[in-house]
Amino acid sequence: MAESQNGAPKGAVDLGAAIKDSLIATLVMFGLSVPILALRTDQNMENRLILEPRWHYVWIACALVFVGRLLLTLFVWNKGAKIVTKKAATPSDLANAIRPYLGRIGLILIIAYPMVALSITGPQGSIKWIDNFGIQILIYIMLGWGLNIVVGLAGLLDLGYVAFYAVGAYSYAIIATNVIPATIPSLGFWSFWICLPISGLLAAFWGVLLGFPVLRLRGDYLAIVTLAFGEIIRLILINWIAFSNGYAGISSIPRPSFFGIPFNASDVGFAARFGIEFSPIHRTIFLYYVILALALLTAFVTLKLRRLPVGRAWEALREDEIACRSLGINTVSTKLTAFAIGAMFGGFAGCFFAARQGFISPESFVFLESAQILAIVVLGGMGSLIGVVISSIALVGGIEILRELDFLKQVFGPNFDPAQFRMLIFGSAMVVMMLWKPRGLVSKREPTIFLKERKSISGSFVKEGHG
Amino acid sequence: MSTTLLSIDHLTMRFGGLTAVNDLSFAVRKGEITALIGPNGAGKTTVFNCITGFYKPTEGMMTLRHANGRDFLLERMPDHEINWKAKVARTFQNIRLFSGMTVLENLLVAQHNPLMVASGFSILGIFGVKSFKAKEKEAVEHAVYWLEKAGLMDRADDPAGDLPYGDQRRLEIARAMCTRPTLLCLDEPAAGLNPKESADLNALLMTIRKDHDTSILLIEHDMSVVMKISDHIVVLDYGVKISDGTPDFVKNDPKVIAAYLGVEDDESLEAIR
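Protein sequences, first through last, are from chains A and B. Note that this note's numbering gives residue 60 to position 60 of the first sequence, counting from 1, and the numbers run on in steps of one. Note that this note's numbering gives residue 1018 to position 18 of the second sequence, counting from 1, and the numbers run on in steps of one.
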């Protein structure tokens, strides 16, 4: 608070006044709670009336009032005062001080997460937390960031994004189980690292292939064609049994190696090479960092591209396609690059997904997946990277956490299974969000370049795109 | 007499059974401001859309000649190449800015093609190559030049959608000028402007003509603007050219007066008799 005392004395006065105000409220609470809460009359074993002291209730109530009142004065009620006085002094100095470092803090937390989970829950318990929460959320963050290029930046509504995810997954599965063993089996341990770029390229190729017929379509029509494209890919995977093994899917897909060193209990395995005891958690942690690196690559490329002419052209395309054409922008190639690059990251994620699961089938690539990825992008705020992270954690992690809420059984009876209500909760959360923040969690757009001062652009000016 | 920049020959545009422009021929001369006027629905914007490639004309030829003697047949080019190769820029009757992007970003999008080449089609740009950084700096300087000309320096970092109407009009012109055009087509630039904004606009157009190698073709209803700044006026009515000449000539042309004010209706008078 030292800074605010020098810069804006009003903030410091506010804090002191707020504490005084809270103390008064606490005193009132104390006065009220002593006769009501502090002593209870009860019967003892000899049927005599006794007084049972319950001072801890008083202390809890007073503490609650103090903290609650303080928070309300500082953060909630102060907002109104700010609007009246138009003072720049914000109530949340702490939040403002943290904001520039938010990205770095988040990154450190994400990097440290598997180690923290491991040390708290041990090698057995942590698999669930790293795999079901960490890796699962990161896959969706990466998919969200990939789709964000197409939907958020270029404004092309794509309802079939899962098709590229499937292309990536099946590329890896088929090349690693059929092509590599048949041609150069010695590459076996490297197959993930060889197939990763191939999957991305194949997905990008399919992205361009989808892009061509839909170039002239806009809005609803584009959405329907991309939806159909997603279904076509899924139906091909189901019906072309010689190619993809149909519903049965492809199993025993090689797992990724530590750059050529497999994660197994053998003498050449990861554990033996590094002289540590074998544990399946090694691979899980490694997978976590692989998907983290892939996701960060996606974010890095997106941030870079946004500041390049192609990224500005994407955003201009979302704002006004006709104006783009009048300024000499080739809208065909601009749309195709957006489709291709978005699809490429979907392909990377698909390749990783196949390697992590070891088994894939068309069941994993249904429309609901596309819808969920799109929901993540829309909920996060179109075009915002941090918004995608928040909404992935909320949507994917939130649904996973419902499985953990066993204590709800004590409230609603033993037959209550919270996981069965997840779609209901998911749906109502979406409705509430869209009423409360129709432009998504982070609706502001950051300009890609500035002359004097970087000003965020209110979401009300930014268009959603028409095609 | 200056040389011809754009010559329109026998331009015809039909939409199904409707002939919007019928056998229109005129020339835009280098370094001049040419105005295209006519009553509502005369086909002026259709002519613009043909010149800038948004429509493919049913018949006719449009030849643009650059100073180096190179000819461009506009009716054969796709719209983005008309801007990039033939250097024709345009504005729109209903302003089309990138409203969610800042004023500066709008002007940088207009320099997309040269920057795209400089960034090695994004591949070099991703690695932050120095030559691209230098080119981008140049582009920003070019944008700043036009911001100053349009009097928008103070608003450079604001979203374009947040500007008042008159500023948006001038920004759209500045954005078109950032593509370094040889021909600038303005579709009703003074529509909806108050007298002060209208005067600012005139000043901007006069600087463009004076300091730059850019000729202007404009559609306008505001006769105070048209008569004051244009060197040459073409009058359209029902898709046909009815008059073509200097402002003074056009002002006194009985056909123009008839088109705007209506003729004394001899036929109906005869019918009454």
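For every residue, glycine included, the Cβ atom is placed at its ideal position computed from N, Cα and C.
1) In the structure shown, what three-state DSSP assignment does D1278 (chain B) receive?
2) So, is F300 (chain A) buried or exposed, given that buried needs 16 or more other C-beta atoms within 10 angstroms?
3) So with CB distances below 7 angstroms, who are the chain A contacts of N1083 (chain B)?
4) Do we get a CB-CB distance below 8 angstroms when we pair N1094 (chain B) with the residues of chain A?
5) Does the Cβ-Cβ distance between M430 (chain A) and A394 (chain A) come in under 8 angstroms?
6) Beta carbon of V162 (chain A), beta carbon of F365 (chain A): below 8 angstroms?
7) Which whole runs of the alpha helix (DSSP H) in the stretch 1218–1243 of chain B are 4 residues long or more, in chain order?
8) Hey, D1231 (chain B) and I1033 (chain B): beta-carbon distance below 8 angstroms or not?
9) Can you give me the Cβ contacts of C195 (chain A) inside the same chain, cut-off strictly under 7 angstroms, excluding the 5 residues immediately before and after it?
10) At a CB distance below 9 angstroms, what residues from the stretch 435–467 of chain A approach chain B? Give them in sequence order.
11) Going by DSSP, what residue range makes up the beta strand (DSSP E) through Q1093 (chain B)?
12) What three-state label does DSSP hand A1067 (chain B) in the structure shown?
13) Beta-carbon of K304 (chain A) versus every beta-carbon of chain B: anything under 8 angstroms?
14) Just verifying my parser: in three-state terms, what is the DSSP assignment at E1188 (chain B)?
15) Three-state secondary structure (DSSP) at R1014 (chain B)?
16) Is the shortest distance between the beta-carbon of S1224 (chain B) and the beta-carbons of chain A less than 8 angstroms?
17) Is the shortest distance between the beta-carbon of A293 (chain A) and the beta-carbons of chain D less than 8 angstroms?
18) Residues of chain A with a CB under 8 angstroms from the CB of I1304 (chain B): which are they?
19) Taking DSSP as the reference, what is the three-state secondary structure of P1159 (chain B)?
20) Which ranges does the beta strand (DSSP E) cover as unbroken runs of at least 3 residues, wholly within the stretch 1031–1055 of chain B, from first to last along the chain?
21) So, for P1078 (chain B): in the same chain, excluding its five sequence neighbours on each side, which residues have a beta-carbon less than 8 angstroms away from its beta-carbon?
22) Inspect the beta-carbon positions of V1235 (chain B) and I1095 (chain B) and report whether they are closer than 8 angstroms.
23) Could you check the C-alpha separation between L292 (chain A) and I241 (chain A) for me, to the nearest Å?
24) Could you tell me which residues DSSP pairs with A1027 (chain B) in its beta bridges?
25) If you follow the alpha helix (DSSP H) that E1138 (chain B) is part of, which residue opens it and which one closes it?
26) The beta strand (DSSP E) spanning E52 (chain A) covers which residue range?
27) With DSSP collapsed to three states, give me the class of G1060 (chain B).
28) Can you tell me where the alpha helix (DSSP H) holding R356 (chain A) begins and where it ends?
29) Determine, for V1109 (chain B), whether the minimum Cβ-Cβ distance to residues of chain A falls below 8 angstroms.
30) Going along chain B, which residues have a C-beta under 7 angstroms from E400 (chain A)?
31) Does DSSP put R40 (chain A) in a helix, in a strand, or in coil?
32) By Cβ distance, which residues of its chain are closer than 6 angstroms to G311 (chain A), with the 5 residues on each side in sequence left out?
33) Who are the near neighbours of T1102 (chain B) in its chain, counting only those whose CB is closer than 8 angstroms to its CB and skipping five residues on each side?
34) Check whether chain B comes within 8 angstroms of A313 (chain A), counting only Cβ atoms and requiring the distance to be less than that.
Straight from the coordinates:
1) This structure leaves residue 1278 (chain B) out entirely; chain B is present only between 1001 and 1273.
2) The count along the first sequence starts at 1 and reaches residue 300 (chain A) at position 300. Classification for F300 (chain A): exposed.
3) Here the question's residue 1083 (chain B) lines up with position 83 in the second sequence. Result: S326, L327 and G328.
4) Locating residue 1094 (chain B) in the second sequence gives position 94, where the first residue counts as 1. False, the Cβ-Cβ gap to chain A never drops below 8 angstroms.
5) Translated into positions along the first sequence, residue 430 (chain A) becomes position 430. Translated into positions along the first sequence, residue 394 (chain A) becomes position 394. No; because the gap between Cβ atoms is not below 8 angstroms, this pair is not in contact.
6) What you label residue 162 (chain A) is simply residue 162 of the first sequence in a count that begins at 1. What you label residue 365 (chain A) is simply residue 365 of the first sequence in a count that begins at 1. Yes, these two residues count as a Cβ contact at 8 angstroms.
7) Contiguous alpha helix (DSSP H) elements confined to the stretch 1218–1243 of chain B occur at 1223–1229, taking only those with 4 or more residues.
8) In the second sequence, residue 1231 (chain B) corresponds to position 231, counting from 1. In the second sequence, residue 1033 (chain B) corresponds to position 33, counting from 1. With contacts defined by Cβ atoms closer than 8 angstroms, D1231 (chain B) and I1033 (chain B) form a contacting pair.
9) Here residue 195 (chain A) refers to the residue found at position 195 when the first sequence is read from its first residue. For C195 (chain A), where only same-chain residues beyond five positions count, the Cβ hits under 7 angstroms are S171, Y172, I175, A176 and C351.
10) Across the stretch 435–467 of chain A, CB contacts with chain B closer than 9 angstroms involve R445, P447, T448, I449, F450, L451, K452, E453, R454, K455, I457, S458, G459, S460, F461, V462 and K463, in sequence order along the chain.
11) Position 93 of the second sequence, counting from 1, holds the residue named residue 1093 (chain B). Looking at the DSSP string, Q1093 (chain B) is not in any beta strand (DSSP E), and its letter there is neither H nor E.
12) Here the question's residue 1067 (chain B) lines up with position 67 in the second sequence. Looking at A1067 (chain B) - three-state DSSP - the assignment turns out to be coil, as it is neither helix nor strand.
13) Locating residue 304 (chain A) in the first sequence gives position 304, where the first residue counts as 1. Closer than 8 angstroms: yes.
14) Translated into the one-based positions of the second sequence, residue 1188 (chain B) becomes position 188. E1188 (chain B) carries a coil assignment under DSSP once its states are collapsed to helix, strand and coil.
15) Position 14 of the second sequence, counted from the start, is the residue given in the question as residue 1014 (chain B). Secondary structure of R1014 (chain B) (DSSP, three-state): strand.
16) As a working note, residue 1224 (chain B) is residue 224 in the second sequence. For S1224 (chain B), the answer is no, since every Cβ of chain A falls outside 8 angstroms of its Cβ.
17) Of the protein chains in this structure, namely A and B, none is chain D.
18) Residue 1304 (chain B) is absent from the structure shown; chain B starts at 1001 and stops at 1273.
19) For this step, residue 1159 (chain B) is matched to residue 159 along the second sequence. In the structure shown, P1159 (chain B) falls within a strand segment according to DSSP collapsed to helix, strand and coil.
20) Counting whole runs of 3 or more residues, the stretch 1031–1055 of chain B contains the beta strand (DSSP E) stretches 1033–1037.
21) Indexing the second sequence from 1 puts residue 1078 (chain B) at position 78. Shown here for P1078 (chain B): same chain residues with a beta carbon closer than 8 angstroms to its own, the five before and five after excluded, namely G1053 in chain order.
22) Against the second sequence, residue 1235 (chain B) aligns to sequence position 235. Against the second sequence, residue 1095 (chain B) aligns to sequence position 95. Between V1235 (chain B) and I1095 (chain B), the gap from beta carbon to beta carbon reaches 8 angstroms or more.
23) Position 292 of the first sequence, counted from the first residue, corresponds to residue 292 (chain A). Position 241 of the first sequence, counted from the first residue, corresponds to residue 241 (chain A). In a straight line, the C-alpha of L292 (chain A) is about 34 angstroms away from that of I241 (chain A).
24) The count along the second sequence starts at 1 and reaches residue 1027 (chain B) at position 27. In the DSSP output, where bridge partners are listed per residue, A1027 (chain B) has B:S1007.
25) Mapped onto the second sequence, residue 1138 (chain B) falls at position 138. Here the alpha helix (DSSP H) through E1138 (chain B) covers K1130 to K1149.
26) Residue 52 (chain A) sits at position 52 when you count from the first residue of the first sequence. Looking at the DSSP string, the run of the beta strand (DSSP E) that includes E52 (chain A) is L49 to P53.
27) In the second sequence, the residue the question calls residue 1060 (chain B) occupies position 60. G1060 (chain B) falls in the strand class under three-state DSSP.
28) The residue you call residue 356 (chain A) lines up with position 356 of the first sequence. T331 to Q357 is the span of the alpha helix (DSSP H), which, as asked, contains R356 (chain A).
29) Here residue 1109 (chain B) corresponds to residue number 109 of the second sequence, with the count starting at 1. For V1109 (chain B), the answer is yes, since a Cβ of chain A falls inside 8 angstroms of its Cβ.
30) Here residue 400 (chain A) corresponds to residue number 400 of the first sequence, with the count starting at 1. Those do not exist, as E400 (chain A) stays about 35 angstroms from chain B at its closest Cβ, beyond 7 angstroms.
31) Taking the first residue of the first sequence as position 1, residue 40 (chain A) is located at position 40. The answer is strand: DSSP assigns R40 (chain A) an E or B state.
32) Start at 1 with the first residue of the first sequence, and residue 311 (chain A) comes out as number 311. If we look at G311 (chain A) and ignore the five residues flanking it on each side, its Cβ neighbours are L305.
33) Numbered from its first residue, the second sequence carries residue 1102 (chain B) at position 102. Excluding residues up to 5 positions away in sequence, A1156, D1157, D1158, P1159 and A1160 lie with their Cβ nearer than 8 angstroms to the Cβ of T1102 (chain B) in the same chain.
34) Position 313 of the first sequence, counted from the first residue, corresponds to residue 313 (chain A). Yes, A313 (chain A) lies at the interface with chain B (some Cβ there is under 8 angstroms from its Cβ).
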